[in-house]
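Single-structure report; data block below.
Residue numbers (the UniProt record's numbering): 1 to 259.
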């Protein structure tokens, strides 16, 4: 009997090296099953998504309890793409990574994640206490209701803003309360300290100011960028000045906009 573990290189100590070996073993197992004497036929094929897709979720949507997990202990600057990388190899539903906010609108280190099936959810639970950077992440079962409380429902203005799919969202914090669309556009325009281009996608339509229920501005805004390169260029302006205030910049998510 062939022992796949016999192909492991005991000198491999780095996680990346071990992961490569494990992938090679998995490929060898599949090839062995396809060959004589097994001649196995795989009746169903499943494609692993290479890229996480952002999107919106309606409160009327049915979300199965057995497809949702709660991740706890996330670094505060984590984005939905970071969450997708943590669960790499598992298929997260479109728009299925929702960062949780506290009453002050700040991230609380938790996220609700919705997978395409119970099987993928169960595999996600096995990543309990795996690491993201220097922090270990706790992974627990959650419910569809939990997910919808965070990711479901939106106003018409927010729906229009999020209708431009496959955009990168950046959150601005610390804006003057009287900040205008033109000031935000100028903030991201090239200057002496920033030669690279980071144009806001859609111009004024790519900017959404956040307001309290009574209409007062919170000092936050969400801004759309067409690609990762433009977003990274924009993030390099973190803590630069607009008016008399320094502006904090973070990558954000559709679910965070909806909250």
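The beta carbon of each residue, even a glycine, is placed where N, CA and C say it ideally should be.
This one's a predicted model, so the numbers in the text were calculated from it and none came from an experiment.
Requested in this report: Please confirm whether residue 139 and residue 69 have their CB atoms less than 8 Å apart.
Outcome: Here residue 139 refers to the residue found at position 139 of the chain shown. Here residue 69 refers to the residue found at position 69 of the chain shown. Contact flag set, yes.
Query raised in the report: Just the Cα atoms here: how many angstroms apart are residue 21 and residue 28?
Result: Taking the first residue of the chain shown as 1, we reach residue 21 at position 21. Taking the first residue of the chain shown as 1, we reach residue 28 at position 28. Distance between the alpha carbons of residue 21 and residue 28: 10 Å.
**Report entry** alpha helix (DSSP H) segment containing residue 160, residue limits
**Finding:** Here residue 160 refers to the residue found at position 160 when the chain shown is read from its first residue. Looking at the DSSP string, the run of the alpha helix (DSSP H) that includes residue 160 is 156–162.
Query raised in the report: Which partner residues does residue 260 have in the DSSP bridge list?
Result: This structure does not reach residue 260, given that the chain is present from 1 up to 259, and the question cannot be answered.
**Report entry** Candidates 186, 129 and 237: closest to residue 73 by CA position
**Finding:** Along the chain shown, one-based indexing puts residue 73 at 73. Of the candidates 186, 129 and 237, the one whose C-alpha sits nearest the C-alpha of residue 73 is 129.
Query raised in the report: So, residue 172 versus residue 224, is the Cβ gap smaller than 8 Å?
Result: In the chain shown, residue 172 corresponds to position 172, counting from 1. In the chain shown, residue 224 corresponds to position 224, counting from 1. Taking 8 Å as the Cβ cut-off, residue 172 and residue 224 do not qualify as a contacting pair.
**Report entry** First through last residue of the beta strand (DSSP E) which encompasses residue 169
**Finding:** Taking the first residue of the chain shown as 1, we reach residue 169 at position 169. Segment 168–173, the beta strand (DSSP E) holding residue 169.
Requested in this report: Compare the beta carbon distance of residue 152 and residue 59 with 8 Å and say whether it is the shorter of the two.
Outcome: Numbered from its first residue, the chain shown carries residue 152 at position 152. Numbered from its first residue, the chain shown carries residue 59 at position 59. Closer than 8 Å, so yes.
Query - Simplified DSSP state of residue 1, which is helix, strand or coil - result: Mapped onto the chain shown, residue 1 falls at position 1. At residue 1 the pLDDT is 47, less than 50, meaning the model places this residue with poor confidence; the figure from the coordinates comes in the next sentence. Coil.
Query raised in the report: Using 8 Å as the threshold, is the segment 107–126 in touch with the segment 156–165, meaning 3 or more CB pairs across them?
Result: no
Report task. Quick one: using the 10 Å Cβ neighbour count with 16 as the cut-off for buried, is residue 234 buried or exposed? Result -> Looking up residue 234 in the chain shown gives position 234. So residue 234 ends up on the buried side.
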